[in-house]
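What follows is a single structure, written as structure tokens, with notes after it.
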Amino acid sequence: MYIARIRVTLRPSILDPQGKAVQHAIASLGAGAVSDVRIGKYIEAKIDAKNEADARRTAEEVCRKLLANPVMEDYSFDIAGTE
Amino acid sequence: MKFGVVVFPGSNCDHDAWYACSKIMEQDAVFLWHKEADLKGVDAVILPGGFAYGDYLRCGAIARFSPVMKEVARFASSGGPVLGICNGFQVLLEAGLLPGVLLRNSSLRFVCKYIRIRVENAATRFTQRCVPGEVLSLPVAHGEGNYFTDPATLERLEGDGRIVFRYCDAAGAVTREANPNGSLAGIAGIINEAGNVLGMMPHPERAVDPVLRNTDGQKLFASLIGSFLSGEPVLVPARPGHDAVAG
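If you're matching them up, the sequences are chains F and A in order.
Residues 94 to 176, numbered by this note's numbering, are exactly what the first sequence covers, in order.
Residues 807 to 1053, numbered by this note's numbering, are exactly what the second sequence covers, in order.
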């Protein structure tokens, strides 16, 4: 069994008003050194696969077909063995 | 003419759409439950507003896997008219029946108010009862209506007259102030290449009853019905056990 830790983020060309709003809040904390806040999604999923390459293929397909919308989002993931 | 209104878990404008078609426009209208892969021989499909599947993951992302959506896609590819309103527009985009995405409103706020849209293309079967440049007043109610697409697609939409509605002011000017959500090029509604699938954020079905004083939304329904009754062929998918209904 494998676990996929998936990150879905807005593409750099897409404005992220939510990230902007959070950045303003961070600035009002006094943390002026923080910039370029972008909000994304984190998804965990277990994958029953023969080997890591297989698990990677499954994760790739699920990301491409459902978890991320390629018009506005990018994705990345790590695969690790688990119980 | 027979309308089919798709009902997803979380749809909340389904009854309004049914009411507009049956009680106001005096046509047949049936509900199409998302689990049923049967369009019941309808002549047009409406994907209503709401929050299908709670807007989980992304608006419309889960709804496109419903059994009914496979049939809707087949219906659309055979030329059947499909109107996606608000959340229905989001579902059409996620299903790949229209290009682009709807991002979070630039204000980050849910916008619920009357807006105006300018009819950019009055030659579609959804707008043929309007005149080009006509300004319609319709309500919007959404948090994700900020249309976005890549520059190449935008150019194609512009060039082919597929931007059917843009947000505008009372005089018909497309301005930043008149745009409720930050939508690219003021886009409020687009149509597919074949001209039979329209997605729009404003709610025509909420502006049909004379009791509510504003009946601008009737023009869309009247256009569809007019194009159907004038004999323009409206194809339905050939399914076993269903006779094809001719326009």
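Where is the CB? At the ideal position from N, CA and C, for every residue including glycine.
Length of the line joining the Cα atoms of residue i and residue j
i                             : j                            : result
valine 941 of chain A         : threonine 981 of chain A     : 14 Å
tryptophan 824 of chain A     : asparagine 987 of chain A    : 27 Å
alanine 976 of chain A        : aspartate 171 of chain F     : 52 Å
aspartate 1049 of chain A     : serine 884 of chain A        : Legend: pLDDT at aspartate 1049 of chain A = 39, less than 50; position of this residue unreliable, no value from coordinates given.
asparagine 818 of chain A     : asparagine 144 of chain F    : 45 Å
phenylalanine 814 of chain A  : glutamate 877 of chain A     : 14 Å
lysine 158 of chain F         : tyrosine 168 of chain F      : 11 Å
arginine 864 of chain A       : valine 888 of chain A        : 21 Å
tyrosine 859 of chain A       : proline 905 of chain A       : 21 Å
glycine 1001 of chain A       : serine 828 of chain A        : 24 Å
aspartate 834 of chain A      : glycine 856 of chain A       : 22 Å
glutamate 999 of chain A      : phenylalanine 916 of chain A : 30 Å
glutamine 896 of chain A      : glycine 890 of chain A       : 8 Å
glutamine 116 of chain F      : leucine 963 of chain A       : 34 Å
alanine 826 of chain A        : glycine 866 of chain A       : 23 Å
glycine 967 of chain A        : histidine 821 of chain A     : 31 Å
leucine 914 of chain A        : proline 110 of chain F       : 7 Å
leucine 853 of chain A        : lysine 808 of chain A        : 14 Å
proline 1043 of chain A       : cysteine 892 of chain A      : The predicted model places proline 1043 of chain A with a pLDDT of 33, which falls under 50 and marks its position as unreliable; any figure quoted below should be read in that light. Whole-angstrom Cα-Cα distance: 25 Å.
proline 1008 of chain A       : glycine 112 of chain F       : 27 Å
methionine 1006 of chain A    : serine 106 of chain F        : 24 Å
alanine 114 of chain F        : glycine 1032 of chain A      : 47 Å
arginine 922 of chain A       : alanine 152 of chain F       : 44 Å
threonine 959 of chain A      : isoleucine 830 of chain A    : 37 Å
phenylalanine 1034 of chain A : serine 872 of chain A        : 27 Å
aspartate 129 of chain F      : glycine 894 of chain A       : 33 Å
leucine 1018 of chain A       : serine 989 of chain A        : 28 Å
valine 836 of chain A         : aspartate 1022 of chain A    : 23 Å
Neighbour flag for residue i against chain F, beta carbons, 8 Å
i                            : result
alanine 869 of chain A       : no
arginine 864 of chain A      : yes
arginine 880 of chain A      : no
phenylalanine 954 of chain A : yes
lysine 907 of chain A        : Here the sequence assigns valine to residue 907 of chain A, which means lysine is not the residue at that position. Output row for valine 907 of chain A: interface = yes.
arginine 924 of chain A      : no
glycine 962 of chain A       : With the sequence shown as reference, residue 962 of chain A is identified as arginine, and glycine is not the correct amino acid for it. No, because no Cβ of chain F sits closer than 8 Å to the Cβ of arginine 962 of chain A.
serine 872 of chain A        : no
arginine 910 of chain A      : yes
leucine 914 of chain A       : yes
Contacts around residue i, its chain only, beta-carbon distance under 7 Å, and the 5 residues preceding and following it disregarded
i                          : result
asparagine 1020 of chain A : Ser943 and Ala1013
alanine 901 of chain A     : Arg870, Met875 and Ala879
glutamate 166 of chain F   : Val101, Thr102, Leu103 and Arg104
isoleucine 993 of chain A  : Tyr953, Ile969 and Arg972
glycine 816 of chain A     : Gly856, Phe857, Ala858, Tyr859 and Gly860
asparagine 985 of chain A  : Tyr973 and Gly992
isoleucine 96 of chain F   : Glu137, Lys139, Ala173 and Thr175
alanine 882 of chain A     : Val888, Leu903, Asn1002 and Val1003
proline 938 of chain A     : Val925 and Ala928
leucine 160 of chain F     : Ile99, Val101, Ile136 and Tyr168
8 Å Cβ cutoff, residue i in contact with chain A
i                         : result
isoleucine 107 of chain F : yes
valine 164 of chain F     : yes
cysteine 156 of chain F   : no
aspartate 167 of chain F  : no
Cβ-heavy atom distance, residue i to the ligand SAM, below 7 Å
i                        : result
threonine 933 of chain A : Looking at this structure, you won't find the ligand SAM or any other ligand, since it has none at all.
Residues of its chain near residue i, where Cβ-Cβ distance is below 6 Å and the 5 sequence neighbours each way are ignored
i                        : result
leucine 918 of chain A   : According to the sequence displayed, residue 918 of chain A carries cysteine and not leucine. So the qualifying residues of the chain are Ala947.
arginine 1045 of chain A : Model confidence at arginine 1045 of chain A stands at a pLDDT of 36, short of 50, so the residue's coordinates are unreliable; what they give is reported in the following sentence. Here the set comprises nothing.
leucine 1026 of chain A  : Phe932 and Pro1010
lysine 134 of chain F    : Val101
glutamate 983 of chain A : none
serine 1036 of chain A   : none
leucine 898 of chain A   : Gly890, Leu904 and Gly1005
Neighbourhood of residue i by C-beta, 8 Å cutoff - its chain only, sequence neighbours within 5 removed
i                         : result
cysteine 156 of chain F   : Ile99, Val101, Tyr168 and Phe170
valine 127 of chain F     : Gln116, Ile119 and Ala120
leucine 838 of chain A    : Gly810, Val811, Val812, Val813, Asp844, Leu845, Lys846, Val848, Val851 and Val874
isoleucine 868 of chain A : Ala858, Tyr859 and Tyr862
threonine 930 of chain A  : Val970, Ile997, Gly1001, Leu1004 and Ser1029
proline 957 of chain A    : none
alanine 148 of chain F    : Tyr95, Ala97, Ile140, Ala142 and Ile172
Take every Cβ of the segment 120-129 of chain F, pair it with every Cβ of the segment 919-928 of chain A, and state whether three or more of those distances are shorter than 8 Å.
-> no
In chain order, what residues of the segment 110-130 of chain F put their CB closer than 8 Å to some CB of chain A?
-> Pro110, Gln111 and Ala114
Three or more beta-carbon pairs under 8 Å between the segment 950-957 of chain A and the segment 907-918 of chain A, yes or no?
-> yes
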